[in-house]
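Engineer: Numbered by my numbering, the letters in the sequence shown go through residues 6 to 287 in order. Glycine is no exception: its CB is placed at the ideal position from the N, C-alpha and C atoms. The structure presented is a predicted model; accordingly, all values stated were derived computationally and were not measured.
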Amino acid sequence: MPELPEVETVCRALSPVLEGAILQDVVIRQFSLRFPVPPNFHEKLVSRRIVKVQRRAKYLLIELDDGGVIIGHLGMSGRMTIYRVGDNVPLPGRHDHIDFKVVSGDLVRFSDPRRFGLMILTEAGILKEHALIKNLGPEPLNPDFTGAALADRLKGCKSSIKSALLDQRKVAGLGNIYACESLFRSGISPNRRAKNVQGIRAIKLMQAVQSVLTEALEAGGSSIRDHIQPNGKLGYFQKCFQVYGREGAPCPTCNCDWLVTGGIKRIIQAGRSTFYCPRKQR
Ligand SMILES: [Zn+2]
Numbered sequence: 006m007p008e009l010p011e012v013e014t015v016c017r018a019l020s021p022v023l024e025g026a027i028l029q030d031v032v033i034r035q036f037s038l039r040f041p042v043p044p045n046f047h048e049k050l051v052s053r054r055i056v057k058v059q060r061r062a063k064y065l066l067i068e069l070d071d072g073g074v075i076i077g078h079l080g081m082s083g084r085m086t087i088y089r090v091g092d093n094v095p096l097p098g099r100h101d102h103i104d105f106k107v108v109s110g111d112l113v114r115f116s117d118p119r120r121f122g123l124m125i126l127t128e129a130g131i132l133k134e135h136a137l138i139k140n141l142g143p144e145p146l147n148p149d150f151t152g153a154a155l156a157d158r159l160k161g162c163k164s165s166i167k168s169a170l171l172d173q174r175k176v177a178g179l180g181n182i183y184a185c186e187s188l189f190r191s192g193i194s195p196n197r198r199a200k201n202v203q204g205i206r207a208i209k210l211m212q213a214v215q216s217v218l219t220e221a222l223e224a225g226g227s228s229i230r231d232h233i234q235p236n237g238k239l240g241y242f243q244k245c246f247q248v249y250g251r252e253g254a255p256c257p258t259c260n261c262d263w264l265v266t267g268g269i270k271r272i273i274q275a276g277r278s279t280f281y282c283p284r285k286q287r
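1. Confirm, please, whether the CB-CB distance from F115 to G292 is below 8 Å.
2. Which residue's Cα is closest to the Cα of V5: I193, S194, A207?
3. For D92, count neighbouring C-beta atoms within 10 Å of its own C-beta (all shown protein chains included) and say buried if the count is 16 or more, exposed if not.
4. Using only Cβ atoms and a threshold of 7 Å, which residues come within that distance of a heavy atom of ligand 1? Order them by chain position.
5. Give the single residue among Q203, N147, S194 whose Cα lies nearest to the Cα of G161.
6. Over the uninterrupted alpha helix (DSSP H) stretch that includes H100, give me the two end residues.
7. Taking the straight line between their C-alpha atoms, what separation do you get for K270 and L170?
8. At 3 residues or longer, what runs of the beta strand (DSSP E) sit wholly inside the region 140-182?
9. Report yes if the C-beta distance between Q173 and G142 is below 8 Å; otherwise report no.
10. Pull up the CB-CB distance for V74 and L65, whole angstroms please, since I reckon it's below 8 Å.
11. Near F40, what residues of its chain come up, given a Cβ to Cβ distance below 8 Å and the 5 sequence neighbours on each side ignored?
12. Identify the continuous beta strand (DSSP E) that holds Q274 and give its terminal residues.
13. Which residues share a DSSP beta bridge with Q203?
14. Can you tell which of L210, T279, G180, S187 has its C-alpha closest to the C-alpha of E1?
15. Taking just the CA atoms, how far does R99 sit from I138?
16. Is it buried or exposed for R287, if we count other Cβ within 10 angstroms and need 16 for buried?
17. Name the residue from H47, A26, E24 whose alpha carbon lies nearest to the alpha carbon of Q35.
18. So, helix, strand or coil for V42, using DSSP?
19. Is K57 helix, strand or coil when you go by DSSP?
20. Below 6 Å CB to CB, which residues in the same chain sit around R120 once its five sequence neighbours on both sides are set aside?
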C-alpha cells in the first residue's frame with residue numbers, strides 16, 4: 006500500500022508534467038471508487054490550468070487555476086502512470102479508471118485494481134476544513150514534528166504504539182510498513198501503550214520515523230507487490246526492510262542465535278501484521 010514516501014514520489018514525478026499544464030481532456034471510465042468520482046469531474050476540469058501538485062499525508066492535492074482542488078488517494082493499489090508525448094499509450098485496461106490528458110500531449114493515467122483510491126473535488130478556500138483533511142496529524146518530515154510534539158499526540162492514548170502510528174490523526178502518512186520499521190529502529194515494542202512513549206522514547210521514535218521515511222524517499226518510494234513509480238521503474242526500498250515481511254529471518258542487529266530464538270516475530274495488531282524483534286524492542 007502506498008505510504009508517505011510512495012505518494013511523495015508520485016507527487017514529485019507529477020509536478021513537472023502537470024504544473025502549468027492545461028487539461029485538454031479527462032476521461033473517466035469508472036466512477037465507483039472509495040467515494041464516487043463527482044458527476045461534474047470532467048466538466049470542472051477540462052480547460053483548467055493546473056497550478057500546483059502537492060501532498061498532504063497520503064493525499065495528492067492538485068490545485069487548479071479557478072480555485073478548485075482535486076483530492077486524490079491511491080488507496081491500497083492505486084497507481085499514476087505518466088506517458089509523455091510520443092510515448093506509446095496502451096489501450097486502457099479494466100483497472101485504468103481515469104486519464105488526465107494535457108494540451109502538450111502528456112497523459113497521466115490513474116489505475117486502481119481494488120478501487121480503494123479516490124479522486125474528488127473541493128475548493129482551495131475550504132480545503133483545510135475538508136472532512137478528509139482537517140483531522141490529519143503533523144507531517145513527519147516537517148520541522149514542527151519534534152519528539153515533544155509526538156509525545157503530546159500520544160498522551161492519554163490507550164492503544165498500542167503500533168496502532169497509534171497508523172492513526173493519521175496522530176502522525177500523517179505512516180502505514181504498516183514504515184510503522185514497523187520505525188519501531189524497530191527506535192527499539193520500541195509495538196505492544197507498548199502509546200501513552201507510555203514519552204520523553205526520550207518519543208524523541209527516538211520521531212528520529213526513527215524521519216530517517217526511515219527519508220531513506221525510503223531517497224530510494225524512490227517502495228511498496229510490497231508491484232508498486233511502479235510514475236516513470237515506470239519499480240520502487241526498491243523494500244530490499245532495505247529490516248523487519249517488515251521478514252518473519253523468522255535473523256534480526257539484522259541482534260547477536261542472538263536466531264535458530265534458537267526464531268528470529269523476527271510476526272503478530273497481529275488491529276487486524277494488521279506487525280513484524281518486530283522481541284529482544285531489541287522493549
Ligand atoms: Zn533483534
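Structural biologist: If we stick to the structure as given:
1. Coverage of the chain is limited to positions 6 through 287, which leaves residue 292 absent and any answer about it impossible.
2. This structure leaves residue 5 out entirely; the chain is present only between 6 and 287.
3. exposed
4. C256, T258, C259, C261, C282, R284, K285
5. Q203
6. H100 -> no alpha helix (DSSP H), and no H or E assigned at all.
7. 19 Å
8. none
9. yes
10. About 10 Å; that fails the 8 Å criterion.
11. L123, I125
12. 270-274
13. Its beta-bridge partners do not exist; DSSP assigns none.
14. The question about residue 1 has no answer, for the chain in this structure spans 6 to 287.
15. 30 Å
16. exposed
17. H47
18. coil
19. strand
20. L38
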